[in-house]
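Each residue of the sequence shown is one higher than the last, beginning at 937 in our numbering. Here the structure is laid out as structure tokens; the discussion comes afterwards.
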Amino acid sequence: MNTPRPLHGAVALAARRPVAVLAITAVLAIIATAFAVQLKPDAGTDTLVGKSTDSYAATATYRRRFGDDPIIVLVRGSLRKLLLTQDLERLTGLEGCLSGNVPAGATPPGGAGGPCGRLQATAPVRVVFGPGTFISEAARQLGTGLARRVQAAQRASTAAATLARRDARRRGLTAAQASRQAAAARQAVLAAFQQATIALAARYGLAAVPRIDDPNFVSTLVFDASKPTGTPKRKFAYLFPTKGGGPGRTALIQVRLKAGLSDAQRAAAIRLIRAAVAMPEWKARNGATYAVTGAPVVVADLTDSITSSMRILLVAALFVMAGTLALVFGSRLRLLPLAVALAAAALTFAALKLSGASLTMASVAVLPVLIGLAVDYAIQLQSRIAEEQDAGERGSGERIGAAPAARRAALLGAPTVAAAAAATAAGFAALALSPVPMVRGFGLLLVAGIAIALTCALIAGTAAVVFADERRAPGWLARAGARIGPSLRGARELITDNRLARAARPRVRAAAAAALATSIRRPGRVLAVAAGVAVLGWGLDTQTRVESDIQKLVPGDLPGLRDLNALQRSTGVGASVDVVIEGSDLTRPEVLDWMIDYQTAILKRFGYSATRGCGEAELCPAFSLPALFSTAGSRQSAADIRALLDAVPAYFSESVITRDRRTATLAFGLRLMSLDQQKRVMDAMRSELPDGRPDGVRARLAGLPVLASEANAQVSSSTRRLVTLLAGLLAVALVLLVAFRSTRRALVPLVPIALATGWSAFVLFALRIPLNPMSVTLGALVIAISTEFSVLLAERYRQERERGHEPEAALARTYRSTGAAVLASGVTAIAGFAVLVLSDIRMLRDFGFVTVIDLTVSLLGVLVVLPAVLLLVERRAAARRPAAHPARVPA
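What follows is the structure, given as structure tokens:
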């Protein structure tokens, strides 16, 4: 394989100008780090499903028309003590603060710099709907209605008096008699109005003009007189939910943020809402407590928790990798590969920042993978330079310099490393086929990172080796190295030369030698056993469980999740799912009838009943358009429906139907459950949408639970995982064919690569380690790591055979050189990922377990099986080659 001219030129430049190259690399790394640390976590739904999906479009429509998923302020305490005392005024004040509604010219509670003032200034909230707002608006509407009725009665009495006077004069009565007739008519109208008002007051228990501070009015409005004292009316369950009936102890305030907020704006709004709820001005005096939760809060807390934990663990992993390199890498510059890897990681994430992208959970997982691959490239090139120096010393008796050795390594070793890196990148590029944007971003970011890592290893790594070899280090650095060196050597000897290490070392070497000898003596049997295990693993992979219950994957003390569990314990629901209804006119009676029928059927299917309440039901009713039309008489005609919608306060009606009456929402409360169970519920809801739906009406599921369950189903599908693996193997094969221009050289390394995916699946199933949304795509990692190991070893074996060594000798030389470097880089990467096992977040812990297993199985499997494949292929090729004829001797 010829060395590409740019590749050789880059190495030659680094060997010729090491100081300049190192200075430029250092400056770029520092600048890149400054950019990379500015990356912000992205918890948006754009990372879960593609924008072309129907669920994403429906969710986008819902949020554009009605606001983001609701943030819930859970109020726990006796409803009688909360609503029938001055605590109701505090609750109303809190709702006004959260909405940012402060009268013009008034100072917001807490001042302009407080949470209320900042919520008013930034205006991130679209609507707030809670008990205080509802009761205040009801009192206002009733008071306004009463005033209108009084004015109407006065106008009617005046008109009746005028008509009676005119009629009396027409009949010839005197003026005094006409006045008496007019007064009687006026009194009759007012008496009728008085009787109607008394009847209305008796019906609603009103003793005076409705006021929010009137306990009688509030009690009559909210509580059901036919039930035990303090039991809220069933129709107000979206405000005062009860799990199984009885006196209420829960109230809900819903805060919907505006659609289109950036991740930073959404996170800032959540912080302000939490700060506002904690203000002493709103603290209840009668025992009620507040908690902020809801899907947006849980997602934000989860993202912050995982991102911060990942960063802490990665710092620890770097120290572990540095220590491992110092122990297993037999080079004078043991930590150089890690330095190269860190520079490559900084440049990669700076490029991510400059591209305008954000930091998803998957892109955080790119970092340890990228560092492991970059360490491998640097170790391979550094080892090849050292080999060339040793070879020159053996040939001429004098050790050659690092610069000529680097140029020779660029001719012999760098092309193979570059081909392996390109094949690895192709394996990760197969993830671009995933329907989940977060997974696609993971693969594409790794492709870019691999290119950057290889460039850094070739240029910066070579420059550092040449710089160190020419002893151009400043005096202070040399003196520091002279002081630190003995300590490092002492620490290394303490670890590697203790009794346990001395006892284990010969056994490990003997086991490795025995494994290699077995592969050489019985290659067919070794390959048959490896293939059998792989086939078994592929079969078992379809049975591997994918854990998708978020409560089991994250810390139980996560504030948002803890409060969400409290919400479910109190109300029976922990999330919400919406059906977005669209049509030219949704005020038609048949549309509302269909919505009510669909809601009734779905609730019954999933265990809800009006008498039992939510209880253990998987779905419960939530506030939506049918709640406004609970009786058939209220929806007899389109005119009746429009009249009622016009009479309802705008903030109330526009939470469930848009002003143009073309989009409405049908909402359901959803119990906390695994994503697999959520998908089952969503599929059932979707399957019943067409039944009886009126013409011209479109209905689609929307909301975060819909997006999350669909993304999980796509990622965890065993069929899709298999397709992704096959696509990865095909991509690797195509790249190797282009690079080597030889079918044999391209396909032979693929055999252990393909088998490694089955070995990994078998071990994971045997250990009963479930996959999760973070680790389920790591089959691509098996291909990538196996490709790296297999291509490097296979090409080095080919080079040793071309130098005239017999197969056994060629394998021994390959494993002493490239094999040792592969082992060093593999052990270093495994040590780094092993740190994740110590995480208190199960998602990260399982991710660490899976990755360590994948890397270990790939490393050991390739080291053992590749020799058998190489020997079998070579023997078969020799058997097919025609026997050489003896040369003819001239007469």
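Just so you know, even glycine gets a beta-carbon here, dropped at the ideal spot from N, CA and C. Everything numeric in this text was worked out from a predicted model, so none of it was measured.
{"Check": "Return the CA-CA distance between Arg1105 and Gln1123, expressed in angstroms with no decimal places.", "Outcome": "19 Å"}
{"Check": "Taking only runs that begin and end inside the region 1583-1657, name each unbroken alpha helix (DSSP H) of 4 or more residues, in chain order.", "Outcome": "1586-1589, 1611-1623 and 1640-1652"}
{"Check": "Does the Cβ of Ala1350 have 16 or more other Cβ atoms within 10 Å, making it buried, or fewer, making it exposed?", "Outcome": "buried"}
{"Check": "Figure out for me which residue from Val1305, Val1527, Gln1613 and Ala950 has the closest Cα to the Cα of Gly1632.", "Outcome": "Val1527"}
{"Check": "Three-state secondary structure (DSSP) at Glu1518?", "Outcome": "strand"}
{"Check": "Quick one: Cα of Ala1389 to Cα of Ser1761, how far?", "Outcome": "14 Å"}
{"Check": "Could you have a look at Ile1189 and say whether DSSP puts it in helix, strand or coil?", "Outcome": "strand"}
{"Check": "So, are the CB atoms of Arg1147 and Ala1075 less than 9 Å apart?", "Outcome": "yes"}
{"Check": "Does Ser1035 pass the burial test, meaning 16 or more other C-beta atoms within 10 Å, or should it be called exposed?", "Outcome": "buried"}
{"Check": "Which of the three DSSP states is assigned to Cys1052 in this structure?", "Outcome": "helix"}
{"Check": "According to DSSP, Ile1008 sits in a beta bridge with which residue or residues?", "Outcome": "Gln1190 and Thr1229"}
{"Check": "Just to confirm my understanding: we take Gly1047, look at its own chain, exclude 5 residues before and 5 after, and list those with CB closer than 7 Å. What are they?", "Outcome": "Gly1053"}
{"Check": "Do Phe1378 and Val1515 have their beta-carbon atoms positioned less than 9 Å apart in this structure?", "Outcome": "no"}
{"Check": "Could you check what DSSP says for His1821 in three-state terms: helix, strand or coil?", "Outcome": "Any reading at His1821 must be qualified, since the residue scores a pLDDT of 46, below 50, and its modelled position is unreliable; the value itself is stated next. It is coil, neither helix nor strand."}
{"Check": "So for Cys1550, helix, strand or coil by DSSP?", "Outcome": "coil"}
{"Check": "Taking only the alpha-carbon atoms, compute the straight-line gap between Ala1301 and Val1674 and give it to the nearest angstrom.", "Outcome": "30 Å"}
{"Check": "Go to Leu1063, then tell me how far its beta strand (DSSP E) extends in each direction, as first and last residue.", "Outcome": "Looking at the sequence shown, residue 1063 is not Leu but Val. Its beta strand (DSSP E) spans residues Val1061 to Phe1065."}
{"Check": "How long is the line joining the alpha carbons of Ile1315 and Val1758, rounded to whole angstroms?", "Outcome": "8 Å"}
{"Check": "Could you check whether Leu1500 and Val1234 sit closer than 9 Å to each other, using their CB atoms as the reference points?", "Outcome": "yes"}
{"Check": "If you draw a straight line from the alpha carbon of Val1264 to that of Arg1270, how long is it in whole angstroms?", "Outcome": "9 Å"}
{"Check": "In the DSSP assignment, what residue or residues form a beta bridge with Val1513?", "Outcome": "Phe1604"}
{"Check": "Of all the options Tyr1313, Leu1452 and Ala1447, which has the alpha carbon lying nearest to the alpha carbon of Glu1744?", "Outcome": "Leu1452"}
{"Check": "Which same chain residues end up closer than 8 Å to Arg952 when comparing Cβ atoms and leaving out the 5 residues on each side of it in sequence?", "Outcome": "Ala1339"}
{"Check": "Assign Arg1816 to buried or exposed, taking buried as 16 or more other Cβ atoms, counted over all protein chains shown, within 10 Å of its Cβ.", "Outcome": "exposed"}
{"Check": "Please state if the CB of Val1809 and the CB of Val1684 are separated by a distance shorter than 9 Å.", "Outcome": "yes"}
{"Check": "Which residue or residues does DSSP assign as beta-bridge partners of Leu1707?", "Outcome": "Val1482"}
{"Check": "In this structure, how does DSSP classify Leu1390 when only helix, strand and coil are distinguished?", "Outcome": "helix"}
{"Check": "In angstroms with no decimal places, state the Cα-to-Cα distance between Pro1495 and Ala1205.", "Outcome": "16 Å"}
{"Check": "With respect to the alpha helix (DSSP H) encompassing Leu1561, which residues constitute its N-terminal and C-terminal limits?", "Outcome": "Run containing Leu1561: none; DSSP gives neither H nor E here."}
{"Check": "Can you tell me where the alpha helix (DSSP H) holding Pro1151 begins and where it ends?", "Outcome": "Pro1151 to Val1158"}
{"Check": "What are the boundary residues of the alpha helix (DSSP H) that Pro1803 is part of?", "Outcome": "Arg1778 to Arg1816"}
{"Check": "Take Arg1062 as the anchor and find which of Ser1654, Gly1032, Gly1068 and Leu1010 has the nearest alpha-carbon.", "Outcome": "Gly1032"}
{"Check": "Quick one: using the 10 Å Cβ neighbour count with 16 as the cut-off for buried, is Glu1217 buried or exposed?", "Outcome": "exposed"}
{"Check": "Here's the rule I'm using: 16 or more other beta-carbon atoms within 10 Å means buried, otherwise exposed. How should Ile1593 be labelled?", "Outcome": "buried"}
{"Check": "Any contact of the region 1618-1629 with the region 1105-1114, i.e. 3+ C-beta pairs under 8 Å?", "Outcome": "no"}
{"Check": "Pull up the distance between the alpha-carbon of Leu1791 and that of Ala1765, whole angstroms please.", "Outcome": "8 Å"}
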